[in-house]
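J.:
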Amino acid sequence: MLFPKEELKKEYINDFGYHEETERLLKLRIVSPVDLEIVDEMEKLRYEPIRKIHKVKAIIVHIHGGGFVTMSSEQHQSYTRQWANDVGIPVFMISYRLSPE
Amino acid sequence: MAVGFQNKSKDGTISKLTDLALSSPVYLLSKKQRMTKFREFVAAHDYELVGKMAKAINGYLPNGLLSVLRPKVQYHKVIYIPRIKKTLTIDGLKETLNDFVVGKKTKNSFVNETYSEIEPIYSSRKVIKTIKR
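These protein sequences, in sequence, are chains A and B. Going by the numbering used here, 86 is the number at position 86 of the first sequence; the sequence numbering is gapless. Going by the numbering used here, 68 is the number at position 68 of the second sequence; the sequence numbering is gapless.
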């Protein structure tokens, strides 16, 4: 599984929560029944002989509704968590900017 | 909403919201009075209070309550990804639209072949005539 580390957040976001080059970051909420790890290509080569790395074969991308005005990814967790547990696939929830923002 | 109008004189937002929560059952007892209050509120509404109410209903109140009822998951994390594509601007759109103007030769031959025939020719001569009585 490949995704940016937590350090990225510190690098890109200012005190005001904006990107330095006036480009805001996209917020993703991951909900999965299995533990996910950050694995670079170099780390993968290093750790593969020691332990097995299971690849995630499929993901569910969830974009919440609300007319681009209301709701957030937090509020839709009640059923997406159930999906993740029932199907056994991680759910990636996109929380986009709303209209006044 | 009706109770919100009633508590307009109060300054604190927390006191307003608590009054809203407590005095909402009163609506059932005195329906006519509350409906008149509601109509008054619609006629002369307070934007700030309405915004705060909408935020409370959508945001922190259900989040706090539903966090207990949510099914448990082994892994939950929030990450931030930088955007790859640039945001759309009016200047950028104008540049792209210049390629699609009728009769103008563009660099891409594909565009001329397809869109020059399909697009309608706009003329300034067309005037909608109105009937005078």
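All residues carry an ideal CB built from backbone N, CA and C; glycine is no exception.
Give a yes or no on whether the minimum CB-CB distance between residue 30/A and chain B is below 9 Å.
T.: yes
J.: Quick one: what's got a C-beta closer than 6 Å to residue 31/A's C-beta in the same chain, skipping five residues either side?
T.: If we look at residue 31/A and ignore the five residues flanking it on each side, its Cβ neighbours are 80, 81, 84, 91.
J.: Any beta-carbon of chain B closer than 9 Å to the one on residue 78/A?
T.: yes
J.: Look at the Cβ atom of residue 63/A, then the Cβ atom of residue 89/A, and state whether they are nearer than 9 Å.
T.: no
J.: Any beta carbon of chain B sitting closer than 9 Å to that of residue 87/A?
T.: no
J.: Whole angstroms is fine: what's the gap from residue 69/B's alpha carbon to residue 78/A's?
T.: 8 Å
J.: Does any residue of chain B bring its CB to less than 9 Å from the CB of residue 56/A?
T.: no
J.: With 9 Å as the threshold, decide whether the Cβ of residue 61/A is near any Cβ in chain B.
T.: no
J.: Starting from residue 71/A and walking both ways along the beta strand (DSSP E), at which residues does that stretch end?
T.: Neither: residue 71/A is in no beta strand (DSSP E) and is coded neither H nor E.
J.: For residue 65/A, which option in 58/A, 55/A, 74/A has the closest C-alpha, if you only look at C-alpha atoms?
T.: 74/A
J.: Any idea if residue 49/B is buried or exposed, counting beta-carbon neighbours within 10 angstroms, 16 or more meaning buried?
T.: buried
J.: Classify residue 80/B: buried if its beta carbon has 16 or more other beta carbons within 10 angstroms, exposed otherwise.
T.: buried
J.: Taking C-alpha atoms, which residue in 96/A, 76/A, 35/A, 29/A lies nearest to residue 67/B?
T.: 76/A
J.: What is the rounded straight-line gap between the Cα of residue 21/A and the Cα of residue 58/B?
T.: Its pLDDT being 43, under 50, residue 21/A is placed unreliably in this model, and the coordinates cannot settle the point.
J.: Among the residues of its own chain, which have a CB less than 6 Å from the CB of residue 27/A, if the five just before and after it don't count?
T.: 95
J.: Can you name the residues of chain A whose CB is closer than 7 Å to the CB of residue 94/B?
T.: Listed by position along chain A, the residues whose Cβ is nearer than 7 Å to that of residue 94/B form an empty set, because the closest Cβ is around 20 Å away.
J.: Only counting the same chain, and skipping five residues up and downstream in sequence, which positions put a Cβ closer than 6 Å to that of residue 61/A?
T.: 92
J.: Please classify residue 72/B: does DSSP put it in a helix, a strand, or coil?
T.: Here residue 72/B sits in coil by DSSP.
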